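Okay, so here's the structure we're looking at.
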Amino acid sequence: MIPELGHFALVLAIFLALYQAILPLAGAAWGRNDWMILARPAATAQFIFVAIAYVALTRAFLLDDFSLLYVAQNSNSELPVGYKFAAVWGGHEGSLLLWCLMLATWTLAVAWGSRGQPLAFSSRVIGVLGIVSVGVLLFTLLTSNPFDRLLPAAVDGVDLNPLLQDPAMVAHPPMLYIGYVGMAVPFAFAVAALLTGRLDRDWARWTRPWTIGAWVFLTGGIALGSWWAYYELGWGGWWFWDPVENASFMPWLMGTALIHSLAVTERRGIFKSWTVLLAIAAFSLSLLGTFLVRSGVLISVHAFASDPTRGLFILMLLLLISGGALVLYAFRASNLEAEGGFRLVSRETFLLANNLLLVIATFLILIGTLYPLFHDAMGAGNLSVGEPFFNAVFLIPMLPLAVLLGLGMHTVWQKMEPGALFARLRWIGAAALIAAIVYPLIVFGSTSVLTVIGVGAGIWVTLSSLIEPISRWFNSRAVRLTRAQWGMFLAHLGVGLFIVGASVTSAFNIETDRAVRIGDRWEVAGFEIEFRGMRTEEGPNYVAEVGEFDLRSNGELVASLRPEKRIYRVQTNPMTEARMDIGLFRDVFIALGEPLGDGAWSVRVQYKPMISFLWIGCIVMAFGGLLAATDQRYRRTVRQRVEPRTKVGVTAEQGSH
Amino acid sequence: MSRYAIPVIILLVLGGFFLRGLGLNPTYIESPLIGKPAPEFSLPDLIDPSANVSTSDLVGQFTLLNVWGTWCPECRNEHDFLLSLARSGMPIYGLNWKDERDKALEWLEVLGDPYVASAADVIGDVAIDFGVYGAPETFLIGPDLTVLQKHISPLTPEVWETRFVPLIEEHSGKR
Chain S
139 MIPELGHFAL
149 VLAIFLALYQ
159 AILPLAGAAW
169 GRNDWMILAR
179 PAATAQFIFV
189 AIAYVALTRA
199 FLLDDFSLLY
209 VAQNSNSELP
219 VGYKFAAVWG
229 GHEGSLLLWC
239 LMLATWTLAV
249 AWGSRGQPLA
259 FSSRVIGVLG
269 IVSVGVLLFT
279 LLTSNPFDRL
289 LPAAVDGVDL
299 NPLLQDPAMV
309 AHPPMLYIGY
319 VGMAVPFAFA
329 VAALLTGRLD
339 RDWARWTRPW
349 TIGAWVFLTG
359 GIALGSWWAY
369 YELGWGGWWF
379 WDPVENASFM
389 PWLMGTALIH
399 SLAVTERRGI
409 FKSWTVLLAI
419 AAFSLSLLGT
429 FLVRSGVLIS
439 VHAFASDPTR
449 GLFILMLLLL
459 ISGGALVLYA
469 FRASNLEAEG
479 GFRLVSRETF
489 LLANNLLLVI
499 ATFLILIGTL
509 YPLFHDAMGA
519 GNLSVGEPFF
529 NAVFLIPMLP
539 LAVLLGLGMH
549 TVWQKMEPGA
559 LFARLRWIGA
569 AALIAAIVYP
579 LIVFGSTSVL
589 TVIGVGAGIW
599 VTLSSLIEPI
609 SRWFNSRAVR
619 LTRAQWGMFL
629 AHLGVGLFIV
639 GASVTSAFNI
649 ETDRAVRIGD
659 RWEVAGFEIE
669 FRGMRTEEGP
679 NYVAEVGEFD
689 LRSNGELVAS
699 LRPEKRIYRV
709 QTNPMTEARM
719 DIGLFRDVFI
729 ALGEPLGDGA
739 WSVRVQYKPM
749 ISFLWIGCIV
759 MAFGGLLAAT
769 DQRYRRTVRQ
779 RVEPRTKVGV
789 TAEQGSH
Chain B
7 MSRYAIPVII
17 LLVLGGFFLR
27 GLGLNPTYIE
37 SPLIGKPAPE
47 FSLPDLIDPS
57 ANVSTSDLVG
67 QFTLLNVWGT
77 WCPECRNEHD
87 FLLSLARSGM
97 PIYGLNWKDE
107 RDKALEWLEV
117 LGDPYVASAA
127 DVIGDVAIDF
137 GVYGAPETFL
147 IGPDLTVLQK
157 HISPLTPEVW
167 ETRFVPLIEE
177 HSGKR
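Sequence lines, in order, name chains S and B. Note that the first sequence ends on residue 795 in the numbering used here; no numbers are left out. Note that the second sequence ends on residue 181 in the numbering used here; no numbers are left out.
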């Protein structure tokens with residue numbers, strides 16, 4: 139009965155979303171206030187009904203209602219309760235419902251957060267979000283209904299994929315989806331601005347915190363996924379350039395470009411049509427990602443069960459939503475006029491370069507991801523580009539970006555003397571270069587050109603992000619940094635730490651596979667490893683072979699690690715649970731491979747220098763984004779006109795960012 | 007509006023490709039090679055680089071050509087099944103794709119070697135000739151060197167029983 143109520147709530151949600159799409163947009167077009175004021179209540183009601191559907195599905199999981207096909211396919215009576223919550227989004231149908239819930243939540247937040255904006259504008263934003271909701275809800279209901287019954291009911295379920303039975307995997311999908319779906323908000327703002335024909339600095343100021351908010355979640359979600367891949371797939375790799383990873387990374391890159399382009403539009407009233415295009419592109423790439431993951435056009439380790447009808451539906455959705463926005467853009471973008479110009483050496487130039495490089499990187503990754511498809515569709519047979527392609531095409535635009543980033547942060551708007559910039563940053567540049575040459579040689583005893591470039595770029599970005607906050611800290615007369623400025627420096631610091639971590643870990647990572655027996659001792663990267671024994675342990679829904687390993691450095695015990703090989707009772711494929719001794723400057727990673735007979739096991743030990751910097755970098759980036767999104771100027775509820783600004787005001791602002 | 011229309015045109019072109027792509031299931035894609043002679047190759051043997059592995063080694067028996075690499079997580083997942091197939095007498099040749107020799111040798115030593123021989127395709131030319139989509143990928147090649155089947159993604163007992171065994175039976179009946 140309750141599942142039917144959930145199903146019914148989903149149907150009602152579609153009608154509410156239709157209402158939320160049509161009335162406000164029509165009201166804004168014909169100037170009917172009485173229609174426009176219905177946008178907010180409609181969005182609220184839509185959220186409530188999607189939430190009811192979601193709760194109904196969660197309840198079915200908690201009560202082991204295997205008369206629902208989806209529950210029977212993704213859960214089991216022995217599954218621990220915590221994972222039953224996560225199992226709701228463990229398959230295609232439920233994760234789509236989560237998508238709908240996230241979209242409804244963003245819409246609700248925008249509806250109530252936009253009360254300071256003109257009614258015609260906020261109504262259009264809510265209306266556009268309503269159109270997207272209608273599309274996704276229809277998709278769920280028509281092709282992927284999670285409430286389909288299974289008659290007769292299954293005795294027990296086939297269990298959640300064991301790969302997903304992991305704490306990081308509980309947090310990863312919702313986090314990623316919040317970010318992914320959140321890109322719908324800047325998209326809606328962009329379309330609303332095109333419809334209104336009014337795109338000014340106020341518009342950029344309204345859009346920016348939402349964009350940064352979505353970006354923060356996307357950053358966190360991607361980092362969690364990467365961390366999960368690192369320890370759960372048992373391979374110690376942290377990024378595979380898998381189509382699904384790329385599908386989340388491309389909106390992130392576009393979102394990053396959008397945040398920077400919005401900064402220019404907000405401060406200087408230029409780059410308008412470019413900003414709008416980025417907003418449309420970022421969400422289009424989110425939709426494209428959904429299409430790639432769920433249609434089965436590309437093979438991936440994470441692809442959901444593929445179904446051509448679903449693929450066709452999302453493709454149509456993508457073409458209608460993005461295509462509609464782009465057609466509107468084609469007609470309206472020429473009306474968006476720049477409010478001023480800028481000189482060659484100015485913050486605007488650096489941000490433009492940032493945008494171009496990020497877009498180029500996204501484009502190359504898109505081509506690499508879709509290449510097999512193009513090749514195939516043109517009848518030329520299958521061909522694929524692998525990791526080497528992605529590493530190369532990603533590094534080519536990213537290294538200049540890192541160099542420009544340090545310069546750009548210290549450049550003021552409109553115009554700057556190149557000499558002043560040079561005077562300010564020469565010592566940092568020199569320090570970064572020296573550290574990049576010396577550090578790998580001292581710590582690891584070897585180096586390469588690529589390492590020097592990577593480490594140098596990372597240290598350069600790190601130092602140039604730190605210098606301003608530190609010098610202000612020691613100068614009591616200096617103007618205090620605003621929260622947005624803190625956010626910017628922190629986010630860039632995160633980028634710097636990330637680059638250092640990625641460069642060092644890929645250059646000096648040591649991987650060994652060995653066949654060992656109990657009692658064997660061997661050495662990896664200066665650590666002595668002892669295989670002490672094996673035992674069998676019972677988990678709630680699996681049996682594990684647990685290896686006991688001691689890790690010693692100079693005779694002192696550093697850690698005892700117990701990597702596992704689990705066989706889940708229902709889905710019997712073996713799962714590798716690697717264990718790590720985590721340190722700030724190195725992880726030591728042990729994973730059990732296959733039993734080789736005669737008590738021998740293949741054991742993979744990896745030494746990963748500075749891999750923690752990857753995750754720390756991402757956390758710092760996300761935290762910086764959080765600070766920037768909650769800056770005071772975005773929290774004004776009363777509308778304030780930013781222009782006209784006096785000449786004095788502009789000058790005062792040049793020193794800040 | 008002309009230049010502002012470029013993005014929508016790009017989207018439509020992409021959409022066209024996707025529409026075609028939907029009709030083509032990448033796992034069960036009909037390789038254009040099926041029914042045709044296997045592309046000729048001659049590559050150094052992975053274990054003994056002074057020797058060669060070439061198309062002529064495959065003549066006269068049904069063989070599998072398995073594309074693998076140590077960088078490919080899914081290859082490890084199918085490895086056990088390949089070992090059991092090899093034990094049952096099926097000759098499997100490896101195409102070690104864009105890999106490092108040391109790692110590949112270590113892999114075979116630690117995990118076991120199911121291959122009669124592995125050809126080292128360091129540059130990836132042969133993989134291109136075979137239209138390799140991504141590792142792991144397995145080709146069934148007939149005694150007359152005709153490509154009979156291609157499977158993308160790990161080989162499993164089910165896939166073996168349903169997509170390979172019937173073909174071997176059918177083609178050995180004909181001879």
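Beta carbons: idealized from backbone N, C-alpha and C, even for Gly. Values in this document were obtained by computation on a predicted structure and should not be read as measured data.
For Gly363(S) and Asp150(B), I'd like the C-alpha separation in whole angstroms. By 1-based counting over the first sequence, the position of residue 363(S) is 225. By 1-based counting over the second sequence, the position of residue 150(B) is 144. Between Gly363(S) and Asp150(B), the C-alpha separation is close to 47 angstroms.
Can you pull the chain S residues whose beta carbon is under 9 angstroms from the beta carbon of Glu112(B), in chain order? The residue labelled residue 112(B) in the question sits at position 106 within the second sequence. In chain order: Thr650, Asp651, Arg652.
At the 8 angstroms Cβ level, is Gly461(S) part of the contact set with chain C, yes or no? Absence of chain C from the displayed structure is noted, the protein chains being S and B.
Assuming the contact rule is C-beta atoms closer than 8 angstroms, Leu635(S) and Gly755(S) should be a hit. Round their C-beta distance to whole Å, please. Start at 1 with the first residue of the first sequence, and residue 635(S) comes out as number 497. Start at 1 with the first residue of the first sequence, and residue 755(S) comes out as number 617. Right, the Cβ-Cβ distance comes to about 4 angstroms (below 8 angstroms), so this counts as a contact.
Chain-ordered neighbours of Gly21(B) on chain S, where CB pairs are closer than 8 angstroms: Within the second sequence, numbered from 1, the residue matching residue 21(B) stands at position 15. Ordered by position in chain S, the residues that pass the 8 angstroms Cβ test against Gly21(B) are Leu453, Leu456, Leu457, Gly461.
If you measure from the beta carbon of Ala716(S) to each beta carbon in chain B, is any gap under 8 angstroms? Along the first sequence, read from residue 1 onward, the residue named residue 716(S) stands at position 578. Closer than 8 angstroms: no.
Count Cβ pairs between the segment 716-735 of chain S and the segment 335-355 of chain S that sit closer than 8 angstroms; are there 3 or more? Touching, no, given that fewer than three Cβ pairs across the two stretches are closer than 8 angstroms.
What did DSSP end up calling Val149(S) once you bin it into helix, strand or coil? Against the first sequence, residue 149(S) aligns to sequence position 11. Here Val149(S) sits in helix by DSSP.
Partners in chain B for Ala468(S), counting only beta-carbon separations shorter than 8 angstroms: In the first sequence, counting from the first residue as 1, residue 468(S) sits at position 330. The contacting residues are Met7, Tyr10, Ala11, Pro13, Val14.
Evaluate Thr345(S) with the Cβ neighbour count: other Cβ atoms within 10 Å of its Cβ, from every protein chain shown; 16 or more gives buried, anything less gives exposed. The count along the first sequence starts at 1 and reaches residue 345(S) at position 207. So Thr345(S) ends up on the buried side.
Whole beta strand (DSSP E) runs in the segment 716-752 of chain S with 3 or more residues, listed along the chain? Segments of the beta strand (DSSP E) lying fully in the segment 716-752 of chain S: 717-720, 724-735, 738-747.
If you count every other CB in all the chains shown that lies within 10 Å of the CB of Trp376(S), and 16 or more means buried, which is it? One-based indexing of the first sequence puts residue 376(S) at position 238. Burial state of Trp376(S) is buried, judged by a 10 Å Cβ sphere holding 16 or more other Cβ atoms.
Does chain B have any CB closer than 8 angstroms to the CB of Glu686(S)? For this step, residue 686(S) is matched to residue 548 along the first sequence. Glu686(S) does not count as touching chain B.
How long is the line joining the alpha carbons of Ser185(B) and Ile580(S), rounded to whole angstroms? Residue 185(B) lies beyond the residue range present for chain B, which begins at 7 and ends at 181; the question has no answer from this structure.
Run through chain B and tell me which residues come within less than 7 angstroms of Ala471(S), C-beta to C-beta. The residue you call residue 471(S) lines up with position 333 of the first sequence. Within chain B, the residues near Ala471(S) are Tyr10.
Which class does Met547(S) belong to by DSSP, given the choice of helix, strand or coil? Along the first sequence, read from residue 1 onward, the residue named residue 547(S) stands at position 409. Helix, per DSSP.
So with CB distances below 7 angstroms, who are the chain B contacts of Gly737(S)? Taking the first residue of the first sequence as 1, we reach residue 737(S) at position 599. Within 7 angstroms Cβ-Cβ: nothing; Gly737(S) doesn't reach chain B, min ~15 angstroms.
With 8 angstroms as the threshold, decide whether the Cβ of Phe24(B) is near any Cβ in chain S. The residue given as residue 24(B) occupies position 18 in the second sequence. Judged by the 8 angstroms Cβ criterion, Phe24(B) is in contact with chain S.
Sort out for me which residues DSSP pairs Gly685(S) with in a bridge. Counted from its first residue, the first sequence places residue 685(S) at position 547. In the DSSP assignment, the residues bridged to Gly685(S) are Met672(S).
Closer than 8 angstroms, Cβ to any Cβ of chain B: which residues of the segment 723-748 of chain S, in chain order? For the segment 723-748 of chain S, which is checked against every Cβ of chain B, the residues closer than 8 angstroms are Gly731, Glu732, Leu734, Ser740.
Considering only residues of the same chain and omitting the five flanking positions on each side of Gly251(S), which have a CB-CB separation below 6 angstroms? Working through the first sequence from its first residue, we reach residue 251(S) at position 113. For Gly251(S), where only same-chain residues beyond five positions count, there are no Cβ hits under 6 angstroms.
Can you list, in chain order, the residues of the segment 397-411 of chain S whose Cβ is nearer than 9 angstroms to any Cβ on chain B? Within the segment 397-411 of chain S, the residues whose Cβ lies closer than 9 angstroms to some Cβ of chain B are Ser411, listed in chain order.
Check the DSSP bridge columns for Val138(B) and list the partner residues they point to. Here residue 138(B) is taken as the residue at index 132 of the second sequence, counted from 1. Answer is none; Val138(B) lacks a bridge partner.
Using the Cα positions of Gly557(S) and Leu588(S), report the straight-line distance between them to the nearest angstrom. Residue numbering aside, residue 557(S) sits at position 419 when the first sequence is read from its first letter. Residue numbering aside, residue 588(S) sits at position 450 when the first sequence is read from its first letter. Their Cα atoms are separated by approximately 29 angstroms.
Less than 7 angstroms between C-beta atoms, sequence neighbours within five positions excluded: which residues of the same chain meet that for Leu416(S)? Along the first sequence, read from residue 1 onward, the residue named residue 416(S) stands at position 278. Annotation for Leu416(S): Met392, Ala395, Leu396, Ser399 place their beta carbon closer than 7 angstroms to its own, counting only its chain and skipping 5 residues before and after.
Under 9 angstroms, CB to CB, which of the residues in the segment 84-102 of chain B have a partner in chain S? Residues of the segment 84-102 of chain B whose Cβ lies closer than 9 angstroms to any Cβ of chain S, in chain order: His85, Asp86.
When you compare the CB of Glu167(B) with every CB in chain S, is at least one pair closer than 8 angstroms? As a working note, residue 167(B) is residue 161 in the second sequence. Not one chain S Cβ lies under 8 angstroms of Glu167(B).
Residues near Tyr706(S) by beta carbon distance below 8 angstroms, same chain, minus five either side: Numbered from 1 along the first sequence, position 568 holds the residue referred to as residue 706(S). Cβ neighbours of Tyr706(S) beyond the five flanking positions: Asp297, Pro300, Gln303, Asn679, Tyr680, Met713.
Could you tell me which chain S residues have their CB closer than 7 angstroms to the CB of Trp77(B), listed as they occur along the chain? Numbered from 1 along the second sequence, position 71 holds the residue referred to as residue 77(B). Think of a sphere of 7 angstroms around the beta carbon of Trp77(B): the chain S residues whose beta carbon falls inside it are Glu525, in chain order.
Buried versus exposed call for Pro218(S) [16 or more other C-beta atoms within 10 Å across all chains shown]: Numbered from its first residue, the first sequence carries residue 218(S) at position 80. When all chains shown are included, Pro218(S) counts as exposed.
Please tell me whether Leu511(S) has its Cβ less than 8 angstroms away from any Cβ of chain B. The residue you call residue 511(S) lines up with position 373 of the first sequence. Yes, Leu511(S) lies at the interface with chain B (some Cβ there is under 8 angstroms from its Cβ).
Check each residue of the segment 409-429 of chain S: if its Cβ is closer than 9 angstroms to any Cβ of chain B, include it; give the result in chain order. So the close ones are Ser411, Leu415, Ile418, Ala419, Ser422, Leu426, Phe429.
The segment 254-276 of chain S: which residues have C-beta closer than 7 angstroms to a C-beta of chain B, in chain order? Per Cβ criterion, the list is empty.
Near-chain B residues of the segment 496-507 of chain S (beta-carbon distance less than 8 angstroms), N- to C-terminal order: Taking 8 angstroms as the Cβ-Cβ cut-off against chain B, none of the residues of the segment 496-507 of chain S qualify.
Entirely within the segment 600-672 of chain S and at least 3 residues each: give me those beta strand (DSSP E) ranges in chain order. Complete beta strand (DSSP E) runs here, min 3: 648-654, 659-662.
If you run the structure through DSSP and keep just helix, strand and coil, what is Gly100(B)? Start at 1 with the first residue of the second sequence, and residue 100(B) comes out as number 94. In the structure shown, Gly100(B) sits in a strand (DSSP, three-state: E or B).
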